[in-house]
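Heads up: the structure comes next, in structure tokens.
Protein chains: 2
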Amino acid sequence: MTAPNAPTPNLPAHEIVYRQIREMVLFGELAPGQPVTIQGLVAQLGTGMTPVREAIRRLTAEGALEFKGNRRVCVPDLTAQHLHELAFARVALEPHLAELAIKQATPADIDALEATDARVNAAISAGDIRSYLEQNYLFHTALYALSGADILCPMVQGLWLRVGPSLRIVCGRYGTLNLPDKHAEAIAALRAGRAADLSAAIRDDIVQGQDQIAAALAEAGGDSLA
Amino acid sequence: MTAPNAPTPNLPAHEIVYRQIREMVLFGELAPGQPVTIQGLVAQLGTGMTPVREAIRRLTAEGALEFKGNRRVCVPDLTAQHLHELAFARVALEPHLAELAIKQATPADIDALEATDARVNAAISAGDIRSYLEQNYLFHTALYALSGADILCPMVQGLWLRVGPSLRIVCGRYGTLNLPDKHAEAIAALRAGRAADLSAAIRDDIVQGQDQIAAALAEAGGDSLA
DNA sequence: CGGTCAATAATATGATCAAATTATGTCCTG
DNA sequence: CAGGACATAATTTGATCATATTATTGACCG
């Protein structure tokens with residue numbers, strides 16, 4: 000009855016809408032500072048306004064969207080201070096999740112991560128920004144998910160949700176050439192069971208990426224990347 | 000037409016409802032594992048169901064409520080692992096916020112904190128659990144707010160939102176006698192400008208509190224406090 | 001003990017109301 | 001006479017509610 004590509008017809012509409020808008024933010028379809036209107040999303044996604052409202056509330060709570068004063072919602076525009084806070088939180092949490100993951104990872108898990116990293120490199124070579132953002136996100140997310148941390152993983156995903164739009168801007172402006180890639184070191188450490196090395200690789204990856212955004216922001220002058 | 004106690008008629012209803020439910024969770028009016036129905040809240044709060052739906056989505060995103068499979072929402076029941084994750088995140092973030100706060104705090108700010116701490120102690124002496132939870136939350140929140148960290152502060156508040164219900168259970172079960180109170184040390188360090196001491200005091204406060212919950216959970220046997 | 005039916009609660013749509021922003025026109029000033 | 005600013009009106013947008021639809025739960029009957 001349903002089309003073959005309807006894997007989860009039981010999923011509520013607000014969940015679908017939430018994921019759609021979330022991907023728009025994560026992979027840069029919505030730029031920082033860009034206003035987001037409920038009715039615009041209703042028209043764009045072809046659904047009622049209640050699911051859209053609920054999705055926006057959720058994303059606002061996660062920091063992916065921001066209440067801009069008078070009932071106006073937009074994608075947040077990061078300041079240097081915000082970037083600093085995000086870097087601190089990421090360095091505090093993500094290496095720890097990686098260390099937890101090392102105890103749970105099976106060889107099959109590591110192979111899957113390596114395959115994802117190959118797609119990351121392919122995207123970098125091809126200069127495909129969208130694909131790079133997706134696969135890079137997938138690499139980190141999949142690694143952390145191995146930790147089985149029910150609370151910390153969603154927290155970290157919230158941090159990525161805040162960094163996403165700015166990362167997109169930086170990639171679009173300076174290309175995918177000198178992007179951070181400590182993934183190979185991370186995978187090697189994961190295979191060898193060297194927790195400290197894995198932790199360091201992830202930390203370096205984070206710091207490099209954040210430094211690039213910070214540099215772009217400093218070059219842009221003001222508080223904004225827009 | 001409206002009652003005299005309508006101080007903010009301009010605030011949207013979903014915001015009001017959100018804060019009401021949030022306080023219920025934070026201060027233990029809703030117990031862990033307790034199911035939360037939309038219509039129950041509609042009847043209890045005397046509002047429409049749309050604001051209630053939006054508030055529930057927001058709280059679910061923050062981890063204060065949990066989607067329990069079949070479109071059922073309830074207050075999460077912490078396992079030992081979840082408690083461990085929360086303790087890690089709190090220790091990673093809250094002492095840092097305290098250190099940031101020390102640079103911004105004015106004498107008036109510190110006096111206000113001391114007044115709040117006095118109310119914490121009064122609540123402990125009186126055995127008033129609800130007041131203790133409120134004032135203790137207020138003490139930490141106000142301290143961290145001094146840091147001016149727009150991203151980290153809401154993150155930490157999300158952590159408190161998850162701990163709240165369990166803390167209430169523990170207080171109700173074992174009383175307010177041997178609760179952690181490193182607040183005096185924290186205030187002294189804050190006045191003296193000793194960042195390391197302040198950081199240590201906050202960390203000890205967190206660890207003691209979490210250890211109490213962990214002990215209660217271990218005594219209860221299973222994964223649950225309920 | 002299993003299956004079916006009814007009741008209940010959540011999901012989702014559309015309509016209505018209120019608020020805000022934008023655009024326009026007029027008046028005042030240089 | 002021209003340009004800008006303020007006030008007002010209109011359109012756009014968000015908030016809320018009432019209602020219909022659907023799925024799940026629990027009970028009752030075979």
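Protein sequence lines, in the order shown, are assigned to chains D and X.
Each residue of the first sequence is one higher than the last, beginning at 0 in numbering that gives the first Met the number 0.
Each residue of the second sequence is one higher than the last, beginning at 0 in numbering that gives the first Met the number 0.
Just so you know, even glycine gets a beta-carbon here, dropped at the ideal spot from N, CA and C.
Since this is a predicted model, take the numbers as computed values, not measurements.
Around the C-beta of K102/D, fewer than 16 other C-beta atoms lie within 10 Å, and the residue is accordingly described as exposed. In the structure shown, E28/X adopts coil according to DSSP, grouped into three states. R172/D: member of the alpha helix (DSSP H) spanning L151 to Y173, first to last residue.
E113/D and G68/X have their C-alpha atoms some 33 Å from each other. Cβ neighbours of T115/D within its own chain (closer than 7 Å, five residues either side excluded): Q134, L137, F138 and A141.
Along the stretch 67-122 of chain X, the alpha helix (DSSP H) occurs as fully enclosed runs of 4 or more residues at 79-103, listed in sequence order. By the 16-neighbour rule on beta-carbons within 10 angstroms, P50/X is buried. Taking a beta-carbon distance threshold of 8 Å, L92/X counts as an interface residue toward chain D. Here P50/D carries a helix assignment [DSSP, helix/strand/coil].
For L197/X against A97/X, the beta-carbon gap comes to about 5 Å, under 8 Å, which counts as contact.
Under the three-pair Cβ rule at 8 Å, the stretch 35-52 of chain D does not count as touching the stretch 188-196 of chain D. In the DSSP assignment, L137/D falls within the alpha helix (DSSP H) that extends over I128 to A144.
The C-alpha of V169/D lies about 17 Å from the C-alpha of S124/D.
Residue environment for P106/X: exposed (fewer than 16 other C-beta atoms within 10 angstroms of its C-beta). Contact of I201/X with chain D by beta-carbon distance below 9 Å is absent, the smallest such distance being about 15 Å.
Contact annotation for H182/D against chain X: no contact, minimum CB-CB distance about 24 Å [criterion: below 7 Å].
Closest in C-alpha terms to T175/X, from the list M154/X, V119/X and E184/X, comes V119/X.
The criterion of a C-beta distance shorter than 8 Å is not satisfied by I55/X and V41/X. Around the beta carbon of R57/D, a 10 Å sphere encloses 16 or more other beta carbons of the protein chains shown; the residue is thus reported as buried.
Under DSSP, the beta-bridge partners assigned to P34/X are C73/X. Check the Cα spacing between V206/D and each of P34/D, H83/D and R70/D: the tightest is with H83/D. Fewer than three pairs of CB atoms, one per stretch, sit closer than 8 Å, so the stretch 21-30 of chain X makes no contact with the stretch 210-218 of chain D.
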